[in-house]
Amino acid sequence: MHTLWTIIAGIFKWSWRILNFVRQLVANVLFIIILLLAAGAYALLSEQDTQTSREPGALYVNLSGVVVDQLTRNSPLESLSLQLLGASSGQLQENSLFDVVETIRTAATDPDITGMILKLDDFVGADQPSLQYIGKTITEFRKQGKRVYAVSGNYNQAQYYLASYADKIYMPPQGSVGIYGFATNTLYYNELLEMLKVKTHIFRVGTYKSAVEPMLRNDMSPEARESTQRFISVLWDNYLTSLSENRKTGKNTIFPGSQQMLALMKTAKGDNAAYAVTQKLVDEIMPANVFESEMTKTFGWDKKNNTINAIPFTEYAKNMNIGVPQGKTTGNIAVVVVQGAIVDGPDAPGMAGSDTIAAQLREARLDPEVKALVLRVNSPGGSVTASEQIRAEVAALKQSGKAVVVSMGGVAASGGYWVSTPANYIVASPSTITGSIGIFGVVTTFEDSLSEIGVHTDGVSTSPLADATVTKALTPEFSELMQLYIESGYSNFINLVAKSRHKTPEEVDKIAQGRVWVGSDAKANGLVDKLGDFDDAVAKAAELASVEHPVLNWMQPEMTFIDRLLAETAGNVKVTLPSSLQGLIPAPVGAQLTQQASFMKMLTDPQYRYAFCLNCTNIQ
30 MHTLWTIIAG IFKWSWRILN FVRQLVANVL FIIILLLAAG AYALLSEQDT QTSREPGALY
90 VNLSGVVVDQ LTRNSPLESL SLQLLGASSG QLQENSLFDV VETIRTAATD PDITGMILKL
150 DDFVGADQPS LQYIGKTITE FRKQGKRVYA VSGNYNQAQY YLASYADKIY MPPQGSVGIY
210 GFATNTLYYN ELLEMLKVKT HIFRVGTYKS AVEPMLRNDM SPEARESTQR FISVLWDNYL
270 TSLSENRKTG KNTIFPGSQQ MLALMKTAKG DNAAYAVTQK LVDEIMPANV FESEMTKTFG
330 WDKKNNTINA IPFTEYAKNM NIGVPQGKTT GNIAVVVVQG AIVDGPDAPG MAGSDTIAAQ
390 LREARLDPEV KALVLRVNSP GGSVTASEQI RAEVAALKQS GKAVVVSMGG VAASGGYWVS
450 TPANYIVASP STITGSIGIF GVVTTFEDSL SEIGVHTDGV STSPLADATV TKALTPEFSE
510 LMQLYIESGY SNFINLVAKS RHKTPEEVDK IAQGRVWVGS DAKANGLVDK LGDFDDAVAK
570 AAELASVEHP VLNWMQPEMT FIDRLLAETA GNVKVTLPSS LQGLIPAPVG AQLTQQASFM
630 KMLTDPQYRY AFCLNCTNIQ
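At position 272 of the sequence shown the residue is numbered 301 (my numbering), and the sequence of numbers has no breaks.
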């Protein structure tokens, strides 16, 4: 009996402890929620007070990180998932190109914004067409009679490109302007694969199809070298042309050539600031405190915040409710963004999932309010199967009677061009990287690697075609079949381009073969219809659809919190090297390895067929 009462007493004792724990937990959670609500209310009231008391002043454009067409992560829930999953803190901050443009345009007509300060120290960069688009809006801002001032301690080439649109460029005495040229480099690891006894079976069509060369060679092929040299030279010339026009000087003044630059630097005794003034790259050299005084004379002083009378860019955008809408929106022109490598399945960070994009296109096709589509493409391509899935939906939308206009961003090559073929009209920037019309197949086998450690594969099959596995050598029959698949895919690609561009397959083949073109060359070759930007694409879509007042309907994927967590777990494009290895290799090499690892991660096509341009996105 005593034992029974002891058991009963123990049950009550532990039940009470559990109940007490739950009570305390609930109370603590409620307390934390109340504190957060109170803090949020206080912040909101403070923000409102700031808004009501702010004097007219400058728009302080202090962009940090990179500018992209579509944000990878843009919500508190996504940020929380990053923290929970321990994502790399080195992830660059992203800024939406279209948010940046809209914010500057709003500020241009805002009487409370009297000018602009471009603070560029933390800006990492963007592709050249995006920089041109932002520069265009800065020019529009200046045309409203508002002056723009740029400042940075050390201008990289992207920072200086934006700075060139300013009325005046400032730099501290120990600052620098780093304009040296463009380069593109790729790691070649054929020898490594041979050492590891890994066999990579390549099936390709296209003389210039260089995406697979790192697995086949130890250096760049002459054909790839010639093609790559051509397009980066054009990009560099476009860069210098824009700067010379903005600064009203000659291209040779912006960059006189390496030898002449060295001679001028010797004359300046290695003083980059003095060199920059001599070459008219900057207007004035002054310390930060003097610059602050100059800006105070122009815009006034905010005594409350003890700073120049200026509103930060992000705060202004938030106050004006600027941002690409998330979720369901309405409008007469749909915008669908294809950004990053094209992969099968749903969207993943940094990748364009064919299922997600196809669903957006279908929704736009079935929406009676949507009269036209602007397909924004900023992709080096990827899976042929995924590209075809997207292309088919674009074609279906066009067949439904709705106009389709493609707006090409920094790159729209290989699969990026494949998805563009059904369009009524294609608009590209002069610096867009496009073309790369060609496909390849990759099958990797490990029979020799396994043999080295005593592992062998053997079995039976009903045909040589069925006996294909990564642990055995490919049969001659399977290899022949793969090559036929690739040749058929290339023929389909050529015919799609020929039909859409009103050319013969033979004419397309001459400008195809996997060769990369910049927008200006693509226009000359008939691959695009007009050189312009996103605004031109929207205007053309409105014209084709007879829409007098275009309203954009941004088709954005809606993801639940669980979806985001899963995406971060399974589909993060940022391949992280083990920390032990990170400490052993230089950062630039690590970046190259990461890029190549990311490329390998994208090889998921069920038919092993890819339309991908590897060297289209690695230009510095």
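No residue lacks a Cβ here, since even glycine has one placed at the ideal position from N, Cα and C.
Taking a contact to require three or more Cβ pairs closer than 8 Å, the region 538-547 and the region 457-476 qualify as touching.
The Cβ-Cβ distance between residue 412 and residue 634 falls below 8 Å. The C-beta separation of residue 449 from residue 441 comes to about 6 Å, placing the pair in contact by the 8 Å criterion.
Between the region 567-584 and the region 488-495 there are fewer than three inter-stretch CB-CB distances shorter than 8 Å, so the stretches are not counted as touching.
Boundaries of the alpha helix (DSSP H) around residue 267: 251-276. If you draw a 10 Å sphere on the C-beta of residue 463, you find 16 or more other C-beta atoms in it, and that means buried.
For residue 529, the enclosing alpha helix (DSSP H) has its first and last residue at 505-530. When beta bridges are read from the DSSP output, residue 546 appears opposite 463.
The beta carbon of residue 472 lies closer than 6 Å to those of 230 and 637 in the same chain, with the five residues before and after it left out. In this chain, the alpha helix (DSSP H) harbouring residue 126 covers 126-137.
A Cβ-Cβ separation of about 4 Å places residue 194 in contact with residue 167 under the 8 Å criterion.
Residue 217 is positioned such that its CB atom lies closer than 8 Å to that of residue 242. For residue 225, the closest alpha carbon among the candidates 525, 481, 284 and 261 is that of 481. Taking C-beta separations shorter than 7 Å and ignoring five residues to either side along the sequence, the partners of residue 189 in its chain run 206 and 208, following chain order. Annotation: residue 539 to residue 511 spans about 24 Å, alpha carbon to alpha carbon.
In the assembly as shown, residue 499 is an exposed residue. Its beta-carbon has fewer than 16 other beta-carbons within 10 Å.
If you draw a straight line from the Cα of residue 520 to the Cα of residue 310, it is about 49 Å long. Its chain contains 190, 191, 193, 194, 271 and 275 as the residues whose beta carbon lies nearer than 8 Å to that of residue 164, once the 5 sequence neighbours on both sides are disregarded; these appear in chain order. In this structure, residue 181 and residue 149 form a Cβ contact; the two beta carbons are roughly 4 Å apart against a cut-off of 8 Å. Counting C-beta pairs with one atom in each stretch, the region 138-152 and the region 319-328 have three or more that are closer than 8 Å, which means they touch.
Per DSSP, residue 202 lies in no beta strand (DSSP E) segment and is marked neither H nor E. DSSP links residue 407 through a beta bridge to 368.
Here residue 292 is exposed: its Cβ has fewer than 16 other Cβ atoms, across all protein chains shown, within 10 Å. Exposed is the label assigned to residue 491, since fewer than 16 other Cβ atoms lie within 10 Å of its Cβ. Contact between residue 370 and residue 363 is ruled out by a C-beta separation of about 23 Å, above the 8 Å threshold. Within 10 angstroms of the beta-carbon of residue 220 lie fewer than 16 other beta-carbons, which makes it exposed. DSSP lists 472 as the beta-bridge partner residues of residue 230. Taking a 10 Å sphere around the C-beta of residue 483, we find fewer than 16 other C-beta atoms and assign the residue as exposed.
If you look at residue 143, you'll find it isn't in any alpha helix (DSSP H); it sits in the beta strand (DSSP E) that goes 142-148. Taken atom to atom, the span from the alpha-carbon of residue 266 to that of residue 502 is near 48 Å.
Where residue 96 is concerned, the enclosing beta strand (DSSP E) starts and stops at 94-97. Segment contact: the region 556-568 against the region 442-461, three or more CB-CB distances shorter than 8 Å; contact assigned.
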